[in-house]
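In case it helps, the UniProt record's numbering puts the sequence shown at residues 1 to 150. Virtual Cβ for every residue (Gly too), placed ideally from N, Cα, C. These numbers come from a predicted model, not from an experiment.
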Amino acid sequence: MWLLQLPSIPKLSTPFLHGGGTLRSAPTAITFPTPSAPSSMPTIRAMKSMQGKVVCATNDKTVAVEVTRLAPHPKYKRRVRKKKRYQAHDPDNQFKVGDIVQLLKSRPISKTKTFVAVSVPKRDSTNKPLDEASSSSGDIGIPLESQQQA
């Protein structure tokens, strides 16, 4: 039965097996190389600021801000709106319900507050017309038939 013969395994004697003795061969430590990120790849950073709408401002120095983001649906791959509420620090109680604020990440202020609410500057929505004819005809700048010269 030469197929059933196994190679001989060296016996190790330890103080824990069959009485005393010394360990003949110590196991070697296996070290794995640490993976390093390539220098050409940029580091991935977490989102530090978000923008949302104040939905509750009844607490003192705290506002609840609802942040809406678009994320793909896991099955249908269509972009759907995901809403999440965050508690933010408002030291001067300056924000009211409906205000648009920016949330900046900070150190934990309490158990649920890790953001500071900052006001967002208003956008300039000044759409100046190019000439008087386009302003009287509407938004798209095409003159009406009654305004065209024949």
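query	result
Straight-line gap, Tyr86 to Lys75 (C-alpha atoms, nearest Å)	27 Å
Inter-residue CB distance, Ala64 and Lys96 (contact presumed, cutoff 8 Å)	The Cβ separation is near 12 Å, so there is no contact.
Pro72, enclosing beta strand (DSSP E) - first and last residue	Thr62 to Pro72
Residue environment, Gly52, which counts as buried when at least 16 other CB atoms sit within 10 Å	buried
Length of the line joining the Cα atoms of Glu145 and Asp124	33 Å
One or two residues paired with Tyr86 in a DSSP bridge	Val65
Ala133 - DSSP class collapsed to helix/strand/coil	Summary for Ala133: the model assigns pLDDT 47, below 50, so the residue's position carries little reliability, and this model does not support an answer.
N-terminal and C-terminal residue of the beta strand (DSSP E) that Val54 is part of	Ser49 to Cys56
Rounded C-alpha distance that separates Thr114 from Arg81	23 Å
Ala71 classed as buried or exposed, judged by whether at least 16 other C-beta atoms fall within 10 angstroms	exposed
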